Every structure is written in C-alpha cells, then in structure tokens.
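Here's the structure, in structure tokens; my notes come after.
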Amino acid sequence: MPSTRLETEAIRQRLTTSRLGRSLHLFEELASTNATAFTLAGSGATHGTAVLAEAQTAGKGRLGRHWVSPPHLNIYCSVILKNPKISRHVSWIPLVTGLALAEATRRSCGIEISLKWPNDLLYVEKKIGGVLCESASQGSQVSTCVVGFGVNVNSRETDFSDELRSLATSCFQATRQCYDRNGLIVDMFNQLESWYDCVEAERFDHVRQAYAASCATLGRNVQVTRVEEETIHGTAVDIGKDGALLVSTVRKGRPHILEIRTGDVHHLR
Ligand code: BTN
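Residues in the sequence shown are numbered consecutively from -1, following my numbering.
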C-alpha cells in the first residue's frame, strides 16, 4: 500500500481531544512547522493549534541539527501550547511529548518504541523520531511553547543519506508495512492531550513512573556532551523531580550524582 495523503477531515473526525489538534493547519511544504507555528501563535492562534506539513525544506532538529523531511512519507508536526498551567512546568514538556508519541506509535504500528533521554524515539537503538520544544517568554514566564515532532513512518532506507542510514529507521523499515499517517496523528494528539493534562494537574509521580518505564537510558552507561562544559561519563540512574537525568559519576575520586538538564546523551555499549 502506498503512503496515503494527510487529510485534515480524516484527522478531525476521529479526534477525541478537547483542544489539541482541534484547530489544524495542513501545508504541502513548509520550511519548518515550528517556525510557522510561532508565526501563527504570534497572530492569535489558540492553545492546542497544530501545524502539519507533508514536507519541510529546513526542518530543525535539536542542537542546531537538520531534520530530514522528505514529502508524503512521515509526520512533521508542531503544536502550540499557551496554557500557563502547563508552560510553568516547561522542563517536563519534552519528556511527556516523547512518552505520548512512543505510546501512540507502539499502539498504532505495533512496534516496541523506547525513549533516549530526553525525547528521542528509538526502535532497537536506531532513531525513529524526535522532539524539538521551543518557547517564547514574557518576563520570566514562558508564554508560548511550540512542541515540534518528527516521526519516520513510511520512509525507506534510500530516503536517508549513507551517514544517517546506520543511525535512523522508520516504522516501515521495522515491519515492512506502510501506515496510515492520519490514524497515527489522531492517536498522537489523543495521547499528547492526556499527558499534558497530567502535567497541568501536577501528577509528576505518575509522569515520572511512566516515563522511566519507557526510558532506555536508565541503567545504561552514557556519555553526555554539553555546550561549553566538560563531557561526562557515568551511569544513568534515575529521573529527577523536574525531569532531569541523574547520572552517577566520579568526581575528584568520589561518587557523585549529576543532574543533567540539557545536552546530548549517547548510550555506550
Ligand atoms: C531532534 O533533533 O531529535 C528533534 C527533531 C524535531 C523535528 C521536528 S519535524 C517537525 C518540527 N518542525 C521542525 O522544524 N522540527 C520539528
């Protein structure tokens, strides 16, 4: 079965959310859905508005990377969050987004997805999706959060460069089946709203437990690289109260627990 087109009506009809994805903008091609979501947010788009594109010409990844976004195969989406009760817990947003996407992809495609802290979606150690959260503040308060996510659904090996082929995969590559992206997006929006509701209700013990159960980083030896800071080696032992990754390491000859809030985590063998 060839990859079907995204259709706003097919998505709207099956949504069970109250806000998320109810206002939906679908484009054939954009530079970046995150950039367009920020523009829409600035001109009055409401909480829960979603932007989808069939292709991106300048898809943005974390840490300034490029997100490969070929047409009509995958999901490239950004959601606008304008609820201050959610935005005040901004450190949890990337993690619950990863969790919601992993649950929806597992359910819709029947494949075992795990998470690399903070929010990479992995299938057997290869990256199948990622999340880029960007926020705008007014004073010290986050006023708008744009949550962008890309999930490789129907892309083939040949859609990736030689360099990416050993690192990235897709649902199609995992199962040799083509998936209806409209159904997958519906599941994703439903899951996202229910996890953002948990953040709003400050049910952090529940969030932490569910995240930890899906997180492949815990228990692993890791290397963490951070901008303008030393590279760390240690064992990922837990998730902190605000979603930080707790890494057990040795400092000045003594055991030490470091709280990692930003950076690139690499799973070591
Ligand atoms: C990562 O590096 O893992 C994050 C990738 C996020 C990519 C998505 S695709 C839709 C949205 N728009 C963008 O420009 N980036 C995000």
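Beta carbons: idealized from backbone N, C-alpha and C, even for Gly. Owing to the predicted nature of the structure, the values given are computational and were not obtained by experimental measurement.
Buried or exposed (CB count within 10 angstroms, at least 16 for buried), residue i
{"i": "HIS254", "result": "exposed"}
{"i": "LEU165", "result": "exposed"}
{"i": "LYS58", "result": "buried"}
{"i": "HIS231", "result": "exposed"}
{"i": "ALA43", "result": "buried"}
{"i": "SER268", "result": "For the chain, the structure presents residues -1 to 267; residue 268 sits outside this window and is missing."}
{"i": "VAL129", "result": "buried"}
{"i": "GLY217", "result": "exposed"}
{"i": "LEU182", "result": "buried"}
{"i": "VAL122", "result": "exposed"}
{"i": "ARG274", "result": "The displayed coordinates of the chain run from -1 to 267. Any statement about residue 274 would go beyond what the structure contains."}
Close beta carbons around residue i, own chain, < 7 Å, minus the five adjacent residues each side
{"i": "LEU61", "result": "ASP262"}
{"i": "HIS264", "result": "VAL220, GLN221"}
{"i": "THR260", "result": "ARG224"}
{"i": "HIS45", "result": "ARG17, ILE78, LEU79, LYS80, ASN81"}
{"i": "ASP276", "result": "Residue 276 cannot be examined here, being either before or after the span of the chain that is shown, -1 to 267."}
{"i": "LEU71", "result": "SER1, VAL151, ASN152, SER153, ASP157"}
Rounded separation between residue i and residue j - CA only
{"i": "LYS80", "j": "ARG252", "result": "44 Å"}
{"i": "HIS204", "j": "LEU97", "result": "12 Å"}
{"i": "GLU214", "j": "GLU101", "result": "Residue identity check: residue 214 is Ala in the sequence provided, not Glu. Taking the straight line from one Cα to the other gives about 14 Å."}
{"i": "CYS131", "j": "VAL145", "result": "4 Å"}
{"i": "PRO92", "j": "LYS250", "result": "33 Å"}
{"i": "HIS23", "j": "THR247", "result": "46 Å"}
{"i": "GLN11", "j": "GLY19", "result": "11 Å"}
{"i": "TRP115", "j": "TYR209", "result": "10 Å"}
{"i": "THR167", "j": "CYS176", "result": "14 Å"}
{"i": "VAL151", "j": "LEU256", "result": "35 Å"}
{"i": "THR173", "j": "LEU113", "result": "19 Å"}
{"i": "TRP65", "j": "ILE109", "result": "22 Å"}
{"i": "GLU26", "j": "GLU161", "result": "27 Å"}
{"i": "SER133", "j": "GLY148", "result": "18 Å"}
Same chain, Cβ closer than 8 Å to residue i, neighbours up to 5 away in sequence not counted
{"i": "SER135", "result": "SER141"}
{"i": "LEU38", "result": "HIS23, THR47, VAL49, ILE78"}
{"i": "GLN139", "result": "PRO82, SER85, ARG86"}
Test: residue i CB closer than 7 Å to a CB of chain B
{"i": "THR15", "result": "Although the question refers to chain B, the structure presented lacks it and comprises just one protein chain."}
Residues near residue i by beta carbon distance below 6 Å, same chain, minus five either side
{"i": "GLN54", "result": "LEU28, SER30, SER67, TYR74"}
{"i": "VAL235", "result": "LEU244, SER246"}
{"i": "LEU190", "result": "LEU18, ALA98"}
{"i": "PRO69", "result": "GLU52, ALA53"}
{"i": "ASP240", "result": "SER89"}
{"i": "ALA33", "result": "none"}
{"i": "CYS107", "result": "CYS169, TYR177"}
Unbroken stretches of the beta strand (DSSP E), 3 residues or longer, contained in the stretch 12 to 93: 22 to 25, 48 to 51, 73 to 79
4-residue-minimum alpha helix (DSSP H) runs that sit fully inside the stretch 190 to 253, ordered along the chain: 202 to 212
Uninterrupted beta strand (DSSP E) stretches inside the stretch 85 to 152 (no shorter than 3 residues): 112 to 114, 118 to 121, 124 to 136, 139 to 149
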